[in-house]
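One structure is given here, and the rest of the page talks about it.
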Amino acid sequence: MSNEDVNLFDPDNFAVSTPLNGALGTIKEVELIRHNYGGKATDEATGLQVTIQADHLEHDRVNLYSCGKAGGLYPSDDGKTRAAHGYYFVGTPTKGTRYEDFMSALKKAGFDPAQMKDGGGFAVLKGKTFLWGVIERKVFGEMKAYEVPTEYIKEEDAAGTAGDAEVEEQVRAAVVKALEATPEFPRSQITVKVGPLLAGIANRSAATTLLFSDAFLASIPGVTFDKKVLRKA
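The numbering of the sequence shown is our numbering, which starts it at 21 and goes up by one.
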């Protein structure tokens, strides 16, 4: 299955489900570290370790995106000097790695990686909220599904959601329409069922924020919501 053929929002496309697939998550911490693929490799590599906090998860999610062999790539705390960990790196990341997938996904999600060059390195990602999906890559001979950002929820858009009657009405109508087609579906599929009905909405980030607001979903007339399943009342 190629990346182009995959609907990143649909958990049914993957043999291995993941906790963040189709959900909102905020990056709590991110840093470059040295690792050895959990003991599966003899040589160390440099990886981008991302800690993600999500309301529906009891514990933070920690993902590791390998950048390449440590021989030519080292974490750095200042962008110049090698270190055990840091927000910068010294060297060039290897092509075709999970790190490259992560950076490509960031850009497609609407977050410009160039912001990291203005100061702070990867630390600028802390506190940023994304809608997450999954892609597949072969790791040590096995196909693995792992999580990447698919949509950046901009702070100004999310903050402007409250009281935006037009956006609220559009999202409310889309949820009701989705339930007319499918009278019941799990919360995890809300972006699959409702997302296409919001394709033309101007404030996409605000709409996505509403889709993941328990209070908003519970307030929609004609809809029952128990935090896991949406049903037509």
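Cβ atoms here follow ideal geometry from the backbone N, Cα and C, with glycine treated the same way.
Problem set entry | Own chain, CB closer than 8 Å to residue 204, minus 5 neighbours either side, in chain order | 249, 250, 251, 252
Exercise. Near residue 77, which residues of its chain fall below 7 Å by C-beta distance, leaving aside the five closest residues on each side in sequence?
Worked result: These residues qualify, in order along the chain: 39.
Problem set entry | For residue 189 and residue 238, the rounded distance between their alpha carbons | Rounded to the nearest whole angstrom, the CA to CA distance from residue 238 to residue 189 is 14 Å.
Exercise. So, is residue 147 buried or exposed, given that buried needs 16 or more other C-beta atoms within 10 angstroms?
Worked result: exposed
Exercise. I think residue 51 touches residue 107, with their Cβ atoms under 8 Å apart; what is that distance to the nearest whole Å?
Worked result: 6 Å
For this session: Can you tell me which of 101, 186, 200 puts its alpha carbon nearest to the alpha carbon of residue 213?
Result: 200
Exercise. Going straight from the alpha carbon of residue 242 to that of residue 75, what length do you get?
Worked result: 25 Å
For this session: Quick one: grab the DSSP three-state call for residue 242.
Result: Coil, per DSSP.
Exercise. Going straight from the alpha carbon of residue 140 to that of residue 80, what length do you get?
Worked result: 23 Å
For this session: Within 10 angstroms of the Cβ of residue 171, are there 16 or more other Cβ atoms? Answer buried if so, exposed if not.
Result: By the 10 Å Cβ count, residue 171 comes out buried.
For this session: Whole angstroms is fine: what's the gap from residue 236's alpha carbon to residue 225's?
Result: 15 Å
Exercise. Distance, Cα to Cα, residue 198 vs residue 192?
Worked result: Rounded to the nearest angstrom, the two C-alpha atoms are 10 Å apart.
Problem set entry | Anticipated Cβ contact below 8 Å, residue 44 with residue 149, distance rounded | 6 Å
Exercise. CB-CB under 7 Å to residue 96, same chain, minus the five flanking residues each way: which ones, in chain order?
Worked result: 102, 103, 106, 108, 109, 110
For this session: List the whole-angstrom C-beta distance separating residue 169 from residue 152, where the pair is believed to meet the contact cut-off of C-beta under 8 Å.
Result: 6 Å
Problem set entry | Close Cβ partners of residue 71 (< 6 Å) along its chain, the five nearest in sequence each way excluded | 48, 49, 80, 82
Problem set entry | Coarse secondary structure for residue 201, derived from DSSP in three states | helix
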